Every structure is written in C-alpha cells, then in structure tokens.
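S.K.: First residue of the sequence shown: 2, per the working numbering; consecutive thereafter. A single structure is presented below for examination.
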Amino acid sequence: MDPNAMSTSNTLYQAQYQQAQLDPEAFWAAQADALHWDRRWDQVLDRRNAPIYRWFDGAEFNTCYNALDRHVEAGRGDQLALIYDSPVTDTRQQYSYRELTERVARVAGLLRAQGVGKGDRVVIYLPMVPEVAIAMLACARIGAIHSVVFGGFAAPELAKRIDAAKPVLVLTASCGIEPGRIVEYKPLLDEALTLAEHKVTRVVLLQRKQCLASMQPGRDHDWQLAEAAAEPAPCARIAATDPLYVLYTSGTTGKPKGVVRDHGGHAVALLYSMKAVYDVGPGDVFWAASDCGWVVGHSYIVYGPLLAGCTTILYEGKPVGTPDAGAFWRVISQYRVKSFFTAPTAFRAIKKEDPRGELIGRYDLSSLKTLYLAGERCDPDTVLWAQQMLKVPVVDHWWQTELGWPAIANCIGLTPMTVKPGSATVPVPGFDMQVLDADGAALPAGEIGNLVIKLPLPPGTLATLWNDEAGYRDNYLSRYPGYYLTGDAGVIDEDGYCWVMSRIDDIINVAGHRLSTGAMEEILAAHPDVAECAVIGVADALKGQLPVGLVVLKSGVTRPADEITRELVERVRASIGAVAAFKQAVIVPRLPKTRSGKVLRATMRAIADGRSYTMPATIDDPRILDEIAPLLVPPPR
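In structure tokens:
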C-alpha cells in the first residue's frame with residue numbers, strides 16, 4: 002500500500018515504513034549491522050531468481066553465535082537467558098547466557114559425535130523442556146538443519162515428516178506431561194520409524210523420571226551419558242542463505258509443507274521485530290506462551306529473545322488447569338515479565354473459567370507493559386476484556402508460519418497507535434499489504450478481498466518449501482504474479498488499518514452475497530454469555546451456503562439455551578441484515594481445535610455437509626468431533 006497512506010505525521014513508524022518500502026536494501030542492511038557477520042554480504046537482496054529472492058547473499062553468519070556467544074563476549078554472560086517453568090512437574094530451572102552457551106556447545110558436540118554435519122537434518126521430537134531449545138541452538142551452531150515436530154504428534158504424521166526431512170538423527174524424550182496424564186513419546190517414535198520409508202539409525206533419548214522408556218541397542222543412545230562424554234563444539238562458518246530449519250505445516254493434499262528459514266535474514270528480521278513490535282531489549286523478560294513445535298516457539302521462545310539479549314521463558318503447562326486460570330498471572334508476576342505473547346484461544350479459555358478476572362487480583366502484574374495476541378483472528382470482545390482486566394495495551398497482531406514474524410501489528414517499539422478492536426493495526430515496515438479481487442485488481446478502502454503482500458518479501462520470511470520450489474510457486478506466488486498470496490481475506494480501511502477477517506475458504510457465498518464468517522463471529526462473541534464461538538458455511542441447495550454459529554458459553558451461565566440462541570440470531574440479523582440468512586446458533590461444550598489453538602472450521606464444514614474428511618493431524622482432542630457431529634444438522638429454511 003502507499004507508504005504515505007497511514008499518516009501525515011512524521012512518526013518513527015512512518016519514517017521506517019517509508020524507508021523499508023522505498024529502499025529495502027539500505028533499510029535491512031542498517032538493521033543487519035546490529036549483528037555479527039563472519040563475512041559480510043556481496044549484495045543485500047539477490048533478485049536473480051525472482052520471484053524467489055535471497056537476502057544477504059554471499060555472507061557468512063552463525064545464528065547460535067549471535068544468540069549466545071556474542072552476549073557472553075560482550076560481558077553479559079551472567080544475565081539470565083532461559084527460565085524453565087513446569088507446573089505439570091513442579092520443576093523450575095534457570096540458565097545464564099554463559100551456562101546456556103556451555104550446554105549448547107556440549108550438545109552440539111554430541112551431535113557431531115553422532116556423525117551429524119553441516120546440512121544434515123535432525124528431527125527434534127521433544128516436550129517443552131530446556132533440551133528442546135538447547136537442541137535447536139546446537140543444530141544452528143554446527144550448521145545442521147533442525148526440524149521440530151510437536152511432542153506427542155501421532156506416529157503416522159511423524160513418519161511423514163521423517164520421510165520428508167530425511168534426518169540422520171532424531172532427538173526425543175521418554176514422555177511429555179499433560180495435565181492429569183503422561184504421554185509416552187518413545188512408542189510413538191518407534192512406530193513412526195517403522196512406518197517411515199526413510200530409515201533412521203540413530204536416536205538420542207532424554208529419559209524423564211515420570212516415565213522411563215526402553216532402548217533399542219545399537220540405535221538408541223542415552224542423552225545424559227552422550228552429552229557428558231561430548232567435547233564442546235565451536236560455532237561453524239555458515240552461509241547466511243543456508244537453511245537454519247525446516248518447519249512442517251499441514252498441506253491441503255495431506256502432504257506436509259516444509260517451510261524453509263535461512264540463517265542471516267531470519268536473525269535480522271527477528272532482532273528488528275523484538276524492538277520495533279515487542280519493545281524489548283537486553284535484560285528484559287519476554288514470554289511467549291507457545292510451544293517450540295510451532296513457529297511462535299521458534300521465533301519468540303528461542304531465537305528472537307536470545308538474539309535481542311532478553312530473558313526468555315519456556316513454560317510446560319496450560320493457561321487453565323495447571324492449576325487454575327491464574328497460571329499465566331503467576332508466571333508474569335514471579336519472573337517480572339515485560340512483554341507477554343499468547344494466542345487468543347488461551348485468553349478465551351481464561352475468560353471462560355474466570356469471567357470477572359478475580360484471579361488476576363492475587364498477583365502483582367506491574368511489570369507487564371504489553372499483551373500480544375496472535376495465532377488466529379482475535380474477536381474484539383476478547384481484546385476489550387483483556388484491556389479491561391490487565392489495564393495494559395493489547396496488541397492483536399497477524400502473521401503466519403510461512404512469514405516467520407509479524408506482518409501486521411501495532412508497533413509499540415516505534416509509534417504506538419490507537420487500537421481498533423478487530424484490526425491487527427498496520428503493516429510492519431517491510432510488508433506491503435494489499436487487497437485484491439479475484440481478477441487481481443486492487444480494491445478500494447473498506448472492501449473485502451484477498452490479502453496479498455507485494456514482492457519481494459522482507460528478510461525472515463520463507464525462502465522456499467523444502468525440496469519443493471514448484472510447490473512454493475504454485476501455492477503462494479502464481480495466483481497473483483508479483484505478490485505473495487496469504488490465503489486470508491481482509492480489508493484495509495481508510496486509515497490504513499488491516500482487518501484480517503478469515504481464511505479465503507471461510508468467506509461464504511449466500512445467494513450471491515460474499516460474507517465474512519469473521520464478522521459474524523465478532524457479533525456472537527460480544528454476547529455477554531459467550532466465551533468463544535465459530536461460524537461455518539454449510540452447503541444449501543437454494544442459497545449455496547448458509548451460516549451456522551457454534552458457541553461455547555461462559556462458566557456459570559444458567560439461562561435457557563433456546564433463549565440465548567434466539568438472542569444470538571437476532572444480533573447477527575440486526576447487525577448484518579437479512580442478507581446473512583443467519584438462522585441457526587448451536588451451543589456446544591467446546592470447539593475442535595489444533596494444539597496451537599486454531600479452530601478446525603474446514604473439518605466442521607465437512608461434517609455438516611456430510612462429506613468425508615481426514616482427522617487433522619494436529620487436533621488437540623479427537624473426541625470433540627464425535628460430540629459436536631450430531632449438533633451440526635442442516636439449518637432451517
């Protein structure tokens with residue numbers, strides 16, 4: 002979009018946005034100067050293979066050195082780098098930058114002793130324990146490419162990722178701990194290794210006292226013994242354009258897509274985002290309540306905070322149930338967290354259990370300056386509830402696994418802007434967001450269309466898909482030449498604020514009218530009895546599709562269900578009009594979600610339409626689909 006469209010005032014945000022638009026090479030070279038380069042680049046942006054671009058071509062850069070050793074050598078080795086807090090095991094550990102560097106170097110030596118070299122892939126299948134971050138950094142240290150798979154992932158899906166990445170080694174643990182149960186990882190891994198066509202001959206196993214796993218002689222090695230015997234490994238010289246990691250996302254064809262991130266551009270973008278978006282720097286405590294199996298864990302539990310010299314928190318627990326809906330407030334208070342990042346679904350779970358925020362009053366949250374929400378669209382009601390309860394700015398920002406860092410945000414570290422609940426605010430410097438119609442024409446302010454980003458993408462975004470450049474072009478670059486297709490529908494208003502409404506597939510067509518399910522969800526979520534909701538489009542022979550709302554009520558609501566659903570239907574029809582044809586709201590005990598908190602709308606659509614579907618690999622609890630299936634009946638005419 003036009004860099005002058007956001008504001009006429011000469012703000013820091015405006016200046017940086019304009020520079021990143023008009024002279025991206027100069028802008029990102031200036032950001033790169035804050036890091037250590039073993040060899041500087043020949044060119045900042047390599048355009049020779051457009052629309053596939055490469056940043057900092059010819060440079061050599063070690064991500065681990067910049068995240069750890071650099072801070073120790075600067076005299077900050079005694080500062081806390083990593084806090085591990087595990088309410089599910091009642092365990093807490095802390096590592097200074099010096100201590101973390103020493104452990105990472107030794108695990109890097111373990112990898113080398115197991116025959117892992119530069120460019121080799123290592124699958125990391127671990128729970129949220131310090132070793133998951135240490136393993137990632139150890140791979141980065143020697144130039145190995147890590148591929149983290151969410152701990153406890155089903156064996157067939159793990160096997161697919163092993164076949165795709167072809168690792169020489171798997172790092173795993175005996176188990177993960179969930180509230181009230183132990184999930185044994187080793188049997189899942191053993192089954193996956195049997196199913197996979199690619200044969201892995203080396204496994205390093207972290208034994209946890211909650212569950213000791215059996216070892217296969219000759220293949221399996223004890224982590225503690227192997228680490229103790231290893232010689233610390235130095236940082237390797239690595240091309241800045243070499244892959245740092247491959248992170249798999251679920252593909253539409255059932256084949257996982259491997260997002261490739263490089264070393265140099267990734268570090269430059271993350272370091273910039275820590276200051277510009279999250280407003281933190283050396284010594285600040287930053288907490289992203291996510292999992293290292295997701296991109297948030299990669300970017301903002303491990304790499305981003307450590308590159309910025311922050312103290313990062315690795316949390317093994319839940320927002321509720323470990324032990325209650327005050328779990329997050331305890332962590333923020335205990336460790337004096339400045340910036341906190343989580344998913345909207347976590348806040349909706351907290352709001353459902355403690356709608357009046359009574360548990361918040363038990364803790365001193367004076368250290369908290371900003372709350373950041375991302376991972377799915379955040380309804381305005383959740384933003385307003387969080388603002389009211391925490392009395393701090395709430396930043397609903399937007400990005401994707403493929404992008405790796407925020408593309409739309411309220412850049413608190415540059416120029417804080419007025420919050421418009423429901424909007425992720427404005428494009429972050431480096432991202433040129435636009436809205437196009439089906440034919441590729443730019444839409445005027447306020448009209449919903451396909452959200453795209455003009456090429457080239459900034460540093461830190463996906464370099465390609467692993468062993469599938471054609472897939473990268475087909476999935477993201479071919480529909481609108483010169484643009485990256487986000488897959489989301491959205492609006493840019495007259496102030497330049499971006500409103501990401503839903504996935505393109507979630508724009509429903511009711512009798513020829515294109516309607517956003519996200520807009521309907523906003524209305525449902527604003528009802529005082531609703532904790533969270535989802536709207537899906539169900540096939541209809543007459544109108545094409547009809548919307549159905551699924552709502553979860555707050556704890557303690559005792560009003561008759563039919564009274565609440567009648568009010569919900571009336572609210573949608575009053576706000577959007579009869580054109581929405583919204584006639585059915587269904588109260589459900591919970592919504593089916595992925596383990597990262599995304600609602601499985603496409604799966605619910607398939608159930609409602611009577612179509613076959615594949616159980617999503619990342620579903621948090623498959624039993625919920627059986628619970629809600631009888632409720633997903635065709636809406637009345």
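The beta carbon of each residue, even a glycine, is placed where N, CA and C say it ideally should be. These numbers come from a predicted model, not from an experiment.
1. With distances taken from CA atoms, which of ALA540, GLY318 and ASP627 is nearest GLY611?
2. When the Cα atoms are used, what is the spatial distance from GLY441 to ASN451?
3. Less than 8 Å between the CB atoms is what I'm expecting for TRP400 and VAL501, so what's the real figure, rounded?
4. Which complete alpha helix (DSSP H) runs does the stretch 105-162 hold, if anything under 4 residues is left out?
5. How big is the Cα-Cα spacing for ALA471 and GLU317?
6. Which first and last residues belong to the alpha helix (DSSP H) in which VAL573 is found?
7. Ordered along the chain, which non-local residues of its own chain (more than five positions away) have a Cβ less than 6 Å from that of VAL395?
8. When the Cα atoms are used, what is the spatial distance from CYS140 to VAL429?
9. If I'm right that ILE509 touches GLY538 with Cβ under 8 Å, what's the distance once you round it to whole angstroms?
10. Can you tell me whether DSSP reads GLY282 as helix, strand or coil?
11. So, at 6 Å on beta carbons, what are the nonlocal neighbours of LEU286 in its own chain, with the 5 sequence-adjacent residues on each side left out?
12. Looking at C-alpha atoms only, which residue of PHE341, ILE351 and LEU112 is the closest neighbour of GLY322?
13. Using three-state DSSP, classify TYR66 as helix, strand or coil.
14. So, helix, strand or coil for MET1, using DSSP?
15. Between which two residues does the alpha helix (DSSP H) carrying PRO381 extend?
16. State the DSSP-derived secondary structure class of MET434, mapped to helix, strand or coil.
17. Report yes or no: do the stretch 543-560 and the stretch 352-369 share at least 3 C-beta pairs separated by less than 8 Å?
18. Could you please give the first and the last residue of the uninterrupted alpha helix (DSSP H) stretch that includes PRO631?
19. Would you say VAL646 and MET137 are within 8 Å of each other, going by their C-beta atoms?
20. Measure from the C-beta of LYS455 to each C-beta in chain C and report whether the shortest distance is under 8 Å.
21. Residue range of the alpha helix (DSSP H) that GLN22 falls in?
22. Going by CA-CA distance only, name the one from ASP397, TYR473, ALA425 and GLN94 that's closest to PHE342.
23. Distance check for VAL149 and ASP382, CA to CA, integer angstroms please.
24. What does the Cβ neighbour count give for HIS37, buried or exposed, with the cut at 16 atoms within 10 Å?
25. Would DSSP call ASP58 helix, strand or coil?
26. I need the DSSP call for SER8, collapsed to helix, strand or coil.
27. Please report the distance separating the alpha-carbon of LEU315 from that of ALA344.
28. Suppose the cutoff is 6 Å on Cβ atoms and the five residues either side in sequence are ignored; what does the same chain contact list for ASP621 look like?
29. Compare the C-alpha of THR652 against each of ALA582, ALA328, ILE577 and PRO529 and name the closest.
30. Could you give the DSSP three-state label for ASN468: helix, strand or coil?
31. Could you tell me the alpha carbon to alpha carbon distance between MET461 and ALA618, rounded to whole angstroms?
32. Which of helix, strand or coil does DSSP assign to HIS267?
33. Suppose you measure from the CA of TYR85 to the CA of VAL278; what does that come to, to the nearest Å?
34. Report all residues from its chain with a CB closer than 6 Å to the CB of GLN115; omit the five preceding and five following residues, and keep chain order.
35. By DSSP, does LEU372 sit in helix, in strand, or in coil?
36. For ASP34, which of VAL269, THR402 and GLY545 has the nearest alpha-carbon?
M.R.: Once the coordinates are examined:
1. ALA540
2. 9 Å
3. Cβ-Cβ separation between TRP400 and VAL501: approximately 10 Å, too far for a contact (criterion under 8 Å).
4. 131-143
5. 38 Å
6. Run containing VAL573: 562-577, per the alpha helix (DSSP H) assignment.
7. For VAL395, where only same-chain residues beyond five positions count, the Cβ hits under 6 Å are LEU372, VAL384, ALA387 and GLN388.
8. 30 Å
9. 3 Å
10. coil
11. In the sequence as presented, Leu is not what sits at residue 286; that position holds Val. If we look at VAL286 and ignore the five residues flanking it on each side, its Cβ neighbours are THR312, TYR336, ARG337, VAL338 and LYS339.
12. ILE351
13. helix
14. For the chain, the structure presents residues 2 to 638; residue 1 sits outside this window and is missing.
15. PRO381: member of the alpha helix (DSSP H) spanning 381-391, first to last residue.
16. strand
17. yes
18. Per DSSP, PRO631 belongs to no alpha helix (DSSP H) and is neither H nor E.
19. Not covered by the structure: residue 646. The range shown for the chain is 2 to 638.
20. Annotation note: the requested chain C is absent from the structure, which comprises a single protein chain.
21. 13-23
22. ASP397
23. Roughly 34 Å separates the two Cα atoms.
24. HIS37 should be labelled exposed.
25. strand
26. In this prediction, SER8 scores a pLDDT of 43, lower than 50, which makes its location untrustworthy; the coordinate-derived value is nonetheless stated afterwards. If DSSP states are grouped into helix, strand and coil, SER8 belongs with coil.
27. Taking the straight line joining both Cα atoms gives about 15 Å.
28. LYS594 and ARG596
29. Within the shown structure, residues of the chain are numbered from 2 to 638, placing residue 652 beyond reach of any answer.
30. coil
31. The identity of residue 461 in the sequence shown is Gly, whereas the question assumes Met. Counting only the Cα atoms, ALA618 lies some 27 Å from GLY461.
32. helix
33. Approximately 24 Å between the Cα atoms of the pair.
34. The beta carbon of GLN115 is closer than 6 Å to those of LEU170 and ARG203 in its chain, skipping five residues each way along the sequence.
35. strand
36. VAL269
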